[in-house]
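> First residue of the sequence shown? That's 1 in the UniProt record's numbering, and the numbers climb one at a time after it.
Every residue, glycine too, gets a C-beta built ideally from N, C-alpha and C.
Please read all numbers here as calculations on a predicted model, not as lab measurements.
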Amino acid sequence: MIFPKVLSQDCNQWNSKVITTRSYDDRLETISAVRDAGISVCSGGILGLGETDSDRIGLIYEVSNMPEHPESFPVNALVPIEGTPLEKNDRVAHHTLLRTIATARIAMPQTIIRLAAGRQTLSEAEQAMCFMAGANAVFTGEQMLTTPCSPWDEDKAMMSRWGLEGMRSFEQTGVAMKEGSRLEAVPGSPKSESTAAQAA
Numbered sequence: 001m002i003f004p005k006v007l008s009q010d011c012n013q014w015n016s017k018v019i020t021t022r023s024y025d026d027r028l029e030t031i032s033a034v035r036d037a038g039i040s041v042c043s044g045g046i047l048g049l050g051e052t053d054s055d056r057i058g059l060i061y062e063v064s065n066m067p068e069h070p071e072s073f074p075v076n077a078l079v080p081i082e083g084t085p086l087e088k089n090d091r092v093a094h095h096t097l098l099r100t101i102a103t104a105r106i107a108m109p110q111t112i113i114r115l116a117a118g119r120q121t122l123s124e125a126e127q128a129m130c131f132m133a134g135a136n137a138v139f140t141g142e143q144m145l146t147t148p149c150s151p152w153d154e155d156k157a158m159m160s161r162w163g164l165e166g167m168r169s170f171e172q173t174g175v176a177m178k179e180g181s182r183l184e185a186v187p188g189s190p191k192s193e194s195t196a197a198q199a200a
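1. Which partner residues of ALA77 appear in the DSSP bridge assignment?
2. My assumption, with CB atoms under 8 Å, is that LEU97 sits in contact with LEU28. Please give the rounded CB distance.
3. When the distance is taken between beta carbons, is VAL79 closer than 7 Å to GLY118?
4. Do you know offhand how far GLU82's Cα is from LYS88's?
5. With respect to the alpha helix (DSSP H) encompassing ARG114, which residues constitute its N-terminal and C-terminal limits?
6. Between which two residues does the alpha helix (DSSP H) containing VAL34 stretch?
7. Under 7 Å between the Cβ atoms of ILE101 and ALA135?
8. If I'm right that ARG99 touches VAL138 with Cβ under 8 Å, what's the distance once you round it to whole angstroms?
9. Would you decide whether GLU71 is buried or exposed? Buried here means 16 or more other CB atoms lie within 10 Å of its CB.
10. If the criterion is Cβ atoms closer than 7 Å, does the pair ASP155 and THR140 meet it?
11. In whole angstroms, what is the alpha-carbon distance linking ILE39 and HIS69?
12. In the DSSP output, which residue or residues are listed as bridge partners for VAL138?
13. Looking at the strands, I want to know which residues DSSP matches up with CYS130.
14. How many whole angstroms separate the CB atoms of GLY50 and PHE73, which I take to be in contact at a CB cut-off of 8 Å?
15. Taking 7 Å as the cut-off, decide whether the C-beta atoms of ILE60 and ALA104 are in contact.
16. Please name the residue, chosen from GLN120, LEU86, SER32 and ASP90, that lies closest to ASN65 on a Cα-to-Cα basis.
17. Give the secondary structure of SER160 by DSSP, where H, G and I count as helix, E and B as strand, and everything else as coil.
18. Opposite CYS42 in the DSSP bridges: which residues?
19. Determine the closest residue to THR30 out of THR20, CYS42 and ILE19, with distance taken between C-alpha atoms.
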């Protein structure tokens, strides 16, 4: 097919405007290496770098046409930081975030769509709309990202107000299948506890 090759060339050209240490193709090769090593893949994108709608569609197209969908697809909204080359970039429009999440959910129905960096710039109602659009996870805890993140207690209370419960680590089907044998050997892990309970 011609489209993926053209897409890769376009992404390499665009990528070089943002980062110079590696190409877009290098990133794709890293994902393949991680998958080939039997490790769960967490790979998504940052919105607000100056990309177009076509770039966002291209990202989802690329990831959803890999041999396996990633177990986790983080959707980040750029947090412009003073002193960096992108400090004057506009905040990502909420509807752009929603459309990206919804498209990713349709294209990758079993993948965890993770609302990531930039979430603190959203109101609770805007975050709830992201979940309605297809997000089903967040990064939580103050030390999880390089930009501010909500403490777990705040997120837990917010999810409770929405009637949502947290999923345990490794509970997602794809992750459980990939990580299962390793988890059985780790005392206290959900998989280990489940195996022990069945044996009892």
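Considering the structure as presented:
1. LEU47
2. Not quite, the Cβ-Cβ distance comes to about 24 Å (not below 8 Å), so this is no contact.
3. yes
4. 8 Å
5. Here ARG114 belongs to no alpha helix (DSSP H); instead the beta strand (DSSP E) covers 112-115.
6. 24-36
7. yes
8. With a Cβ gap of about 19 Å, ARG99 and VAL138 do not count as contacting.
9. buried
10. yes
11. 13 Å
12. LEU115
13. DSSP, once it has assigned bridges, lists no residue as partnering CYS130.
14. Not confirmed; about 21 Å, so no contact.
15. yes
16. SER32
17. helix
18. SER72
19. CYS42
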